[in-house]
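K.L.:
Read in order, the letters of the sequence shown are residues 18 to 125 in my numbering.
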Amino acid sequence: MSREYAPTPGKWYENKDEEETFRVLSVDEDDELVEIEYEDGEIEELDLDTWHELDLELTEQPEGWSDSSEEDDDDEDDDFDDEDDDEDDDDDDDDDDDDMDDEEEDDY
């Protein structure tokens with residue numbers, strides 16, 4: 018029995034005929050192309066006609082799947098958080114300087 022699913026970026030599908038799992042990266046409606054990525058990292062483009070011929074089933078992200086671009090983003094976010102903390106400390110020092118400037122102005 019063939020199931021027909023619309024290609025949705027970020028969703029995982031299993032091609033029942035080929036027993037392959039992949040996720041949709043993007044859908045270009047103008048060119049009628051679907052860009053997919055298999056578990057092994059291989060990227061392929063399918064036209065929408067081919068997509069609709071596939072016997073697909075929605076599935077969960079494979080166990081142990083790691084998307085290097087997502088991990089890099091997380092690592093960068095952590096770095097930014099650390100830098101933000103340092104900047105907050107610097108801001109406190111600046112506030113003290115501002116207070117001194119105000120006191121000095123009062124003396125004049």
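Backbone N, C-alpha and C define an ideal beta-carbon position, used for all residues, glycine too.
In whole angstroms, what is the alpha-carbon distance linking E80 and K28?
P.N.:
The alpha-carbon atoms of E80 and K28 are separated by roughly 14 angstroms.
K.L.:
From the DSSP output, which residues share a beta bridge with W29?
P.N.:
In the DSSP output, where bridge partners are listed per residue, W29 has R40 and T76.
K.L.:
Using 8 angstroms for Cβ pairs, my map puts D37 next to Y55. What's the rounded Cβ distance?
P.N.:
Correcting the residue identity first, residue 37 is Glu in this sequence and not Asp. Yes, they are in contact, since the Cβ atoms of E37 and Y55 sit about 6 angstroms apart, within 8 angstroms.
K.L.:
Considering only residues of the same chain and omitting the five flanking positions on each side of D64, which have a CB-CB separation below 8 angstroms?
P.N.:
Once the five neighbours on either side are set aside, the close Cβ partners of D64 are E49, L50 and V51.
K.L.:
Can you check which of these residues, L73, T25 and I60, is closest to P32 by C-alpha distance?
P.N.:
The question names Pro, but residue 32 is Asn in the sequence shown. N32 has its Cα closest to that of L73, out of L73, T25 and I60.
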